[in-house]
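**Q** Residue numbers (our numbering): 184 to 485.
A virtual CB, placed ideally from N, CA and C, is assigned to each residue, including glycine.
Source: prediction; values computed, not measured.
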Ligand code: MLT
């Protein structure tokens, strides 16, 4: 019997797949398997029994990969299982960056007691006027599971698209959309887009990938969306970009102390994969991967 410990809430739909060879335990020190969402495992001590770790999500920066590899404990993740949820939030963020929905809604709430609200709203609406995304250009950095869903969705809304991915060539990028302009030059993407969204993993190589040079190359008043990881963006450079007006809007899914005080930043508490469907898909995939491995020795891990 394998003992499974969940470090975070893992969807029941996934846990229900565990066969009778598995039982849940509250005691991490006896776990054969750890299932995790976003808990930071870097300082954890692992039981001698531990045989596999599975993350119900794509990013694995909360998992000590090297320490586990030394003990030959495989780590599984679920790339693609929450990609649709993130894509939908990216589309939402694009529209939030184009139209001042947040400012307009806050204004209404603030003026709830105004007896002449209709008249005041007529006056106020100029303050919240936006722009349309149709005809504008979206740059997508990283053409993996999420990036390749965002491109046709943005095109369906009338946007032009530009893609950059150092691991892809033009021929493979063309399979995502015939209308995508592929570039192997990040600065070219920055210079040619009204909106830019980034979808790359957090690694030492991608740390600060969007810095002063990339922001300097951007169009005046560009909007930047970050639904990948906070470390990809150099916060000092982004703050300077927002202050100068070079960057009009920074929508980020990572509520770090540095971005909370940035004027022009719209900050969300890591909602990218927070949908019922994504939670279920990730949990199911993580559980299947672990059971496959323990039953067949198949190691499809990251
Ligand atoms: C992921 O790594 O899959 C995403 O950041 C979503 C999440 O973990 O909540």
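DSSP three-state call for residue 282: helix, strand or coil?
**A** In the chain shown, residue 282 corresponds to position 99, counting from 1. Residue state, collapsed to three classes: coil.
**Q** Straight-line CA distance for residue 202 to residue 184?
**A** Position 19 of the chain shown, counted from the first residue, corresponds to residue 202. Position 1 of the chain shown, counted from the first residue, corresponds to residue 184. In a straight line, the C-alpha of residue 202 is about 10 angstroms away from that of residue 184.
**Q** Between which two residues does the alpha helix (DSSP H) containing residue 306 stretch?
**A** Locating residue 306 in the chain shown gives position 123, counting from the first residue. Per DSSP, residue 306 belongs to the alpha helix (DSSP H) from 300-307.
**Q** Considering only residues of the region 302-365, which uninterrupted beta strand (DSSP E) runs meet the minimum length of 3 residues and lie entirely inside it, listed in chain order?
**A** You should have 320-324, 343-347.
**Q** Of all the options 421, 199, 209, 375, which has the alpha carbon lying nearest to the alpha carbon of residue 191?
**A** Start at 1 with the first residue of the chain shown, and residue 191 comes out as number 8. Ranking 421, 199, 209, 375 by Cα distance to residue 191 puts 209 first.
**Q** So, helix, strand or coil for residue 379, using DSSP?
**A** Here residue 379 corresponds to residue number 196 of the chain shown, with the count starting at 1. Correct three-state label for residue 379: strand.
**Q** Below 8 angstroms on the Cβ atoms is my contact criterion, and I expect residue 227 with residue 245 to pass it. Report the Cβ-Cβ distance as a whole number of Å.
**A** The count along the chain shown starts at 1 and reaches residue 227 at position 44. The count along the chain shown starts at 1 and reaches residue 245 at position 62. Going by Cβ atoms, the distance from residue 227 to residue 245 rounds to 10 angstroms, so no, they are not a contact pair.
**Q** Below 8 angstroms, can you find three or more Cβ-Cβ pairs linking the region 353-366 to the region 334-345?
**A** Yes: the two stretches touch, three or more of their Cβ pairs being nearer than 8 angstroms.
**Q** Buried or exposed, going by whether 16 or more other CB atoms sit within 10 Å of the CB of residue 266?
**A** By one-based count along the chain shown, residue 266 stands at place 83. It is buried - the Cβ of residue 266 has at least 16 other Cβ atoms within 10 Å.
**Q** Compare the C-beta of residue 418 with all C-beta atoms of chain C and state if any pair is closer than 7 angstroms.
**A** Judged by its chain identifiers, the structure shown contains no chain C, having just a single protein chain.
**Q** Considering only heavy atoms of the ligand MLT, does any lie closer than 6 angstroms to the CB of residue 455?
**A** Numbered from its first residue, the chain shown carries residue 455 at position 272. Within the cutoff, so yes.
**Q** Just to confirm, are residue 425 and residue 447 a CB contact at a threshold of 7 angstroms?
**A** Counted from its first residue, the chain shown places residue 425 at position 242. Counted from its first residue, the chain shown places residue 447 at position 264. Cβ atoms of residue 425 and residue 447: closer than 7 angstroms.
**Q** Is there at least one non-hydrogen atom of the ligand MLT closer than 6 angstroms to the beta-carbon of residue 240?
**A** Translated into the one-based positions of the chain shown, residue 240 becomes position 57. Correct: residue 240 has its Cβ closer than 6 angstroms to the ligand MLT.
**Q** Taking one C-beta from the region 415-422 and one from the region 389-397 each time, how about it: are there three or more such pairs within less than 8 angstroms?
**A** At 8 angstroms Cβ cutoff, the stretches touch.
**Q** Which residue spans inside the region 229-263 form an unbroken alpha helix (DSSP H) run of at least 4?
**A** Qualifying alpha helix (DSSP H) stretches, in chain order: 248-253.
**Q** Should residue 436 and residue 407 be called a contact, given that it needs their Cβ atoms to be closer than 7 angstroms?
**A** Indexing the chain shown from 1 puts residue 436 at position 253. Indexing the chain shown from 1 puts residue 407 at position 224. No, Cβ-Cβ distance for residue 436 and residue 407 is not below 7 angstroms.
**Q** Looking at the structure shown, is residue 435 part of a helix, part of a strand, or coil, going by DSSP?
**A** Within the chain shown, numbered from 1, the residue matching residue 435 stands at position 252. The answer is strand: DSSP assigns residue 435 an E or B state.
**Q** Is residue 535 a contact residue of the ligand MLT, with contact defined as CB to any heavy atom under 6 angstroms?
**A** Residue 535 lies beyond the range of the chain shown here (184 to 485); nothing can be said about it.
**Q** Nearest by alpha-carbon distance to residue 477: which of 239, 294, 257, 229 is it?
**A** Taking the chain shown and counting its residues from 1, one reaches residue 477 at position 294. When each option's Cα is compared against that of residue 477, the closest is 257.
**Q** Just checking my contact of residue 402 with residue 368 at CB under 8 angstroms: how many whole Å lie between their CB atoms?
**A** Locating residue 402 in the chain shown gives position 219, counting from the first residue. Locating residue 368 in the chain shown gives position 185, counting from the first residue. That belief does not hold up - the Cβ atoms of residue 402 and residue 368 are roughly 15 angstroms apart, past 8 angstroms.
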